[in-house]
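Undergrad: Sequence lines, in order, name chains A, B and C.
Counting from -12, one number per residue, gives the positions in the first sequence under this note's numbering.
Counting from 821, one number per residue, gives the positions in the second sequence under this note's numbering.
Counting from 2, one number per residue, gives the positions in the third sequence under this note's numbering.
Let me begin by handing over the structure; questions about it come next.
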Amino acid sequence: MDKLNLILLVPELLAVAAGIGVMLWDLWLPREKKIALSTASMVAAVVLFLSTFIPAVAEGGHAMGGTFLVDGMALLMKRAFAVTALFVFLISREYVEDLERGQGEFYTLCLLALSGMFLCASVNDFMSLFVALEVVTVSFFVLVAFKRRSTKSVEAGLKLLVIGSVSAALLLYGIAFVYGATGTVFFDELRADVVAPDFIVSTELVIGLFLIFLGLGFKTSAVPMHVWVPDVYEGAPTPVTAFMSVGSKLAGFVLMLRVLEVFGRSAAIAAELTPFLALIGALTLFYGNLGAIPQTNIKRLMGYSSIGQCGYILLGIAAAWTMGMSGALFYMVSYVFTNMLVFGVIVYVARATKSHDLDDYSGLARSNPMLCAAMTIGLLSLAGVPPLMGFVGKLLLLGSAFGSPELHWLVYVGLINVVIAMYYYLCVIKRMWIHDARSPAKPVAPMRVKIALGISVLILLAGGFAPQILEGLTAPAAAELGLPSRPR
Amino acid sequence: MDMLLSSPTLLASALASIGGEITTSHYIVLSALIFGVGLFGVITRKNAVVILMSLELMLNGANLAFVAFSRHHGNLQGQVFVFFIIAVAAAEAAVALAIIIAMNRVKGSVNLDDATELKG
Amino acid sequence: MDPWTFWLGGSLALGGGLLTVTRKNAVASVLWLIVAFLGMSTLFLGMDAGFIGVLQILVYAGAIMILFLFVIMLLNLTPSGLLRMDRPRGTTLGLASAAAFIALIVAIVTGGQQWTGGQGGGSEAAILERTGEASMLEGSVLDIADQLFNAHLLPFEAASVLLLVAIVGAVALTKRKL
């Protein structure tokens, strides 16, 4: 327990090294050769993905005196983060090429944010949780405001900053209360304490946990910390929006799962948390899906959609038993491929039309059938249409909530929202296939993106037809978490 | 809810003990007050620099709670946590002020109410 | 926990904080915030948290606040920008949410037994009885460093990544030629 065990930290250390390496290499490269940094970052993302398969890492265990934990969930999420980063680097190459400055900084910040996400997956005490979360948050403050000559981008950065800092303060106050009620910040000690027979669940502890979930809700875009999402998604550079909508969101979720895993072992605490999380989940679902209907900007639409998607994962978290955790992990992995598929198309359509109006997508079926098909599959998976991966994820999450009788109302809320979400996703699909084109622009995607989109489509189909492959990964990871294997 | 309604009387009884023994709860009430004042500032002010200062005040409310609990439990984890909060606050302030300077360059104003390009 | 240290530090911190958020001039706000930080530092010293008390002055009052002053001077905020301050709706909302938060915490803290006076609670005698020798912890540099480099090495290293992010970010956002 007291060993440093640095070998377990190899993915994190490599991510930091890659970030610093790109930053230093940037100094030596002449302006016209900067594009090599993009290639280097892609290679780094692949190496980081592979580094989670090093036997010593994949074996798991504790490191850094017990403040760092590698378990099934951590490994799975690290792989998801690395894939996300690879996608972001693939679709951001042209965007970064057009930047008049700061190309190296863009990749450095992305890679350092990735190291923060890796850490989030593995934290095992509240201090690391807070610092790791801030590494991700602060990187995104900068990345969102990266187009510093654009009013929209800087405004988005400022909005993210204010709301992010308020939620960080709420999170801290919550951690203070949990620390005050229990006397420790180490998850290992807390895991043992909460199941001890003489453990008293005090109001102080419960309020502290509520504040912690509110603070983490900022990252996952849960109501009431969701207010920044549409504005920031619209204002941020599109590749950053893509990274934020997946990477930063899943970092928030993995921390939520971790905190729930630690405290949910105690049935008494879980009984307090479940109604709270269920209420937040229901509000988030309605807010996201109803808000998406009148949108005319694709990035704002995706912002509301991402709020709605967050609501589904909260269903599984509120249920707080193994199937809910497994469903949440499954959904998160499928969300990586689904959202990246959609954003991959958005980036290249926007490159052709120079705007993000929903009107740009009219007639996409004729101007670029391949992108149109990819976007359709992505949107259908987000909507939860069988036989795609998103459908199986929704099924698992709704099923886990259905397990506990007191959450039945939440299942109905979820089903109503599936219908609402279906409506606005189908509106976009109809626009693409049936409407006539408004602009003569012909979007084109480079070969590497076509391949990536093709692979995502295959994974979404495979995940829908043979969900047991991915479930074979998520179910053991969820079982390891120590939550009850039956609904409460 | 009835706990919420009775809070003014509880606060009054806490204030009545001026000069008496100071317990951990005194510090926590004070930290909540400081946090609340910061929250008020964040919501009401529109100058981004002042909003940042209010945020620092909120963080300080949390700091006070951590140190008080550190003493309450007789371990140093709370104090070490404050060390990290101060480090994070410094990093955040640097980035925040950079964004404010960028905002001032493109808009000539640092008022959050003038940030109207994005509606919502 | 000398009561008068608490009341002195507390009134400085709270009064300074209130004045910070209500001053129309941003420079005045900074100066009042420094007063509030001095009050916080007094409270920390009163709780035997020596190192944190000094850090509070060195880093917060010294470094961060000077940075704020620099930026205010650099931006050359016009008086009109400073004088127009409140939004009418914002004041009500701000008062309501701050009051709700404070009421919630006060109700929980004073309603519970854990941190108030009495058996096993937060009074001096109870803390001494519970923690014994440990309550004499001074929070000196040595003690904190021992914790930092043993039990909390991971967040310490992560904080260095965070500072790197902040440096790179601040340069990327503001340097005129990059």
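No residue lacks a Cβ here, since even glycine has one placed at the ideal position from N, Cα and C.
Owing to the predicted nature of the structure, the values given are computational and were not obtained by experimental measurement.
Find out if the Cβ-Cβ distance for the pair residue 169 of chain C, residue 231 of chain A is shorter than 8 Å.
TA: no
Undergrad: Using a Cβ cut-off of 9 Å, pull out every chain B residue sitting near residue 171 of chain A, in sequence order please.
TA: 893, 895 and 897
Undergrad: With 9 Å as the C-beta to C-beta threshold (strictly closer), list the residues of the segment 897 to 915 of chain B near chain C in chain order.
TA: Result list: 897, 898, 899, 900, 901, 902, 903, 904, 906, 907, 908, 909, 910, 911, 912, 913, 914 and 915.
Undergrad: Quick one: is residue 882 of chain B near chain C, going by C-beta distance under 8 Å?
TA: Under the Cβ distance rule, residue 882 of chain B does not count among the residues neighbouring chain C, no pair being separated by less than 8 Å.
Undergrad: Closest Cβ-Cβ distance between residue 860 of chain B and chain A: below 8 Å?
TA: no
Undergrad: Under 7 Å between beta-carbons, which chain C residues line up against residue 114 of chain A? List them in chain order, please.
TA: Within chain C, the residues placing a beta-carbon under 7 Å from that of residue 114 of chain A are 153 and 156, ordered along the chain.
Undergrad: Checking contacts by CB at 8 Å: is residue 182 of chain C closer than that to chain A?
TA: Outside the shown range of chain C (2 to 179) lies residue 182 of chain C, about which nothing can therefore be said.
Undergrad: On the DSSP bridge assignment, give the partners of residue 48 of chain A in chain order.
TA: Per DSSP, A:57.
Undergrad: Mind checking residue 395 of chain A: buried by the 16 CB within 10 Å criterion, or exposed?
TA: exposed
Undergrad: By the 10 Å Cβ neighbour count, where 16 or more other Cβ atoms means buried, how is residue 109 of chain C classified, buried or exposed?
TA: buried
Undergrad: Please confirm whether residue 113 of chain A and residue 172 of chain A have their CB atoms less than 8 Å apart.
TA: yes
Undergrad: Does residue 84 of chain A come within less than 8 Å of chain C when only Cβ atoms are used?
TA: no
Undergrad: From residue 460 of chain A to residue 3 of chain A, what does the alpha carbon distance come to, in whole angstroms?
TA: The straight-line gap from Cα to Cα measures roughly 27 Å.
Undergrad: Excluding the 5 residues preceding and the 5 following residue 128 of chain A in the sequence, name in chain order all residues of the same chain whose CB lies nearer than 8 Å to its CB.
TA: 144, 147, 148 and 151
Undergrad: Please state if the CB of residue 148 of chain C and the CB of residue 896 of chain B are separated by a distance shorter than 8 Å.
TA: yes
Undergrad: Any idea which residues DSSP pairs residue 867 of chain B with across the strands?
TA: Per DSSP, the beta bridge partners of residue 867 of chain B are B:931.
Undergrad: Got a sec? Which residues, its chain only, sit under 7 Å from residue 848 of chain B by beta carbon, not counting five neighbours each side?
TA: Around residue 848 of chain B: 885 and 888.
Undergrad: Can you tell me which of the three DSSP states residue 378 of chain A falls into?
TA: Reduced to three states, the DSSP call for residue 378 of chain A is helix.
Undergrad: Looking only at its chain, what residues have a beta carbon closer than 7 Å to the beta carbon of residue 372 of chain A, apart from the 5 residues adjacent to it on each side?
TA: 378
Undergrad: Closer than 8 Å by beta-carbon distance: list the chain B residues that pair up with residue 121 of chain A, in chain order.
TA: Under the 8 Å cutoff, chain B gives 908, 911 and 912.
Undergrad: Output the distance between the C-alpha atoms of residue 25 of chain C and residue 912 of chain B, rounded to the nearest integer angstrom.
TA: 24 Å
Undergrad: On the DSSP bridge list, what partners appear for residue 111 of chain A?
TA: Looking at the DSSP assignment, residue 111 of chain A forms no beta bridge with any residue, so it has no partner.
Undergrad: So, helix, strand or coil for residue 519 of chain A, using DSSP?
TA: This structure leaves residue 519 of chain A out entirely; chain A is present only between -12 and 475.
Undergrad: Quick one, which of A:375, A:408 and A:111 has its alpha-carbon nearest residue 282 of chain A's?
TA: A:408
Undergrad: Are the CB atoms of residue 341 of chain A and residue 222 of chain A nearer to each other than 8 Å?
TA: no
Undergrad: For the pair the segment 197 to 210 of chain A and the segment 151 to 171 of chain A, tell me if three or more CB-CB distances fall below 8 Å.
TA: The segment 197 to 210 of chain A vs the segment 151 to 171 of chain A: in contact.
Undergrad: Assuming residue 145 of chain C and residue 899 of chain B make a contact with CB atoms under 8 Å, what is their CB distance in whole Å?
TA: 6 Å
Undergrad: Rounded to whole angstroms, what's the CA-CA distance from residue 453 of chain A to residue 347 of chain A? Just pull it up for me.
TA: 35 Å
Undergrad: Between which residues of its own chain and residue 119 of chain A is the CB-CB distance below 6 Å, once the five residues before and five after are set aside?
TA: 103, 106, 107 and 110
Undergrad: Can you list, in chain order, the residues of its chain with a C-beta nearer than 7 Å to that of residue 295 of chain A? Leave out the 5 residues immediately preceding and following it.
TA: Within the same chain, residue 295 of chain A has close Cβ partners 272, 275, 276, 279, 404 and 408.
Undergrad: If you measure between the beta carbons of residue 132 of chain A and residue 922 of chain B, is that distance less than 8 Å?
TA: yes
Undergrad: Looking at the unbroken alpha helix (DSSP H) that takes in residue 48 of chain C, where does it start and where does it end?
TA: Residue 48 of chain C -> no alpha helix (DSSP H), and no H or E assigned at all.
Undergrad: Answer yes if the segment 312 to 325 of chain A comes into contact with the segment 422 to 435 of chain A, meaning at least three C-beta pairs across the two stretches below 8 Å, and no otherwise.
TA: no
Undergrad: What's the C-alpha gap between residue 883 of chain B and residue 45 of chain C?
TA: 9 Å
Undergrad: Rounded to whole angstroms, what is the Cα-Cα separation between residue 324 of chain A and residue 68 of chain A?
TA: Using only the alpha carbons, I get a separation of about 11 Å.
Undergrad: For the candidate residues A:72, A:41 and A:198, whose alpha-carbon lies nearest to that of residue -4 of chain A?
TA: A:41
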